[in-house]
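Residue numbers (full-length UniProt numbering): 1 to 205.
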């Protein structure tokens, strides 16, 4: 009795596995949505980005909140933002140099990739907007900053970056990023050093 060639066995096994794989692939494709042949997205009721955003918001565990003081600009003269923006209809989403309002704001914060409405919500100016589309209060602006500055956000949460007051193993309060950084121009400017202190013996009367 002849023993079967090992090469033949491998060939048969490979053929069986290939048939099973192709069957599973074709079955899955048959159940899937029709593909948009423009190559942009699947032809579904929602775009892929909207589906992903919905999944992200519904299934993400609740973000831990951190006790923070009011943002530095939240006095009654400028906040809530809607006290002015609600009258400015329709909102202008065009990227441009601001010449009528907020003329003091010049974006120096990834300005070649970013624009106001990447962070501010177009329809409700009292809210900030995450990449997922979720709206957050200005007191949660650390979540917005943490999307790009993940290492700083990580350090901020444990009190290494930024300023945290309170107890090591008790109640704490965290300063927001915007208490130290201008969100539109966050880089610290050079400071002119003060003269060194005079020693008592060098003081002339």
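Just so it is clear, CB atoms sit at the ideal spot from N, CA and C, and this is done for glycine as well. Only a predicted model underlies this, so the values are computations on that prediction, with no experimental measurement involved.
- In this structure, the CA atom of residue 127 is about 45 Å from the CA atom of residue 196.
- Put simply, of 182, 167, 174 and 140 the residue whose alpha carbon is nearest the alpha carbon of residue 155 is 174.
- Assigned with DSSP and collapsed to three states, residue 139 falls in helix.
- When DSSP assignments are scanned along the stretch 86 to 168, the uninterrupted stretches of alpha helix (DSSP H) that are 4 or more residues long and fall wholly within it turn out to be 141 to 146 and 150 to 157.
- Beta-bridge pairing by DSSP links residue 174 to 164.
- Within its own chain, the residues whose Cβ lies closer than 7 Å to the Cβ of residue 93, once the five positions on either side in sequence are excluded, are 117 and 122, listed in chain order.
- Between residue 5 and residue 18, the alpha-carbon positions lie close to 20 Å from each other.
- 8 Å or more divides the Cβ of residue 135 from the Cβ of residue 184.
- Note on residue 8: under 16 other CB atoms within 10 angstroms of its CB, so exposed under the neighbour-count rule.
- Only residues of its own chain outside the window of five on either side were considered, and among them 63, 65 and 128 have a CB closer than 8 Å to the CB of residue 140, listed in chain order.
- By the beta-carbon neighbour count (other beta carbons within 10 angstroms, threshold 16), residue 138 is buried.
- Residue burial annotation: residue 167 is exposed, with fewer than 16 other C-beta atoms found within 10 angstroms of its C-beta.
- Taking 8 Å as the cut-off, the Cβ atoms of residue 82 and residue 114 do not count as close.
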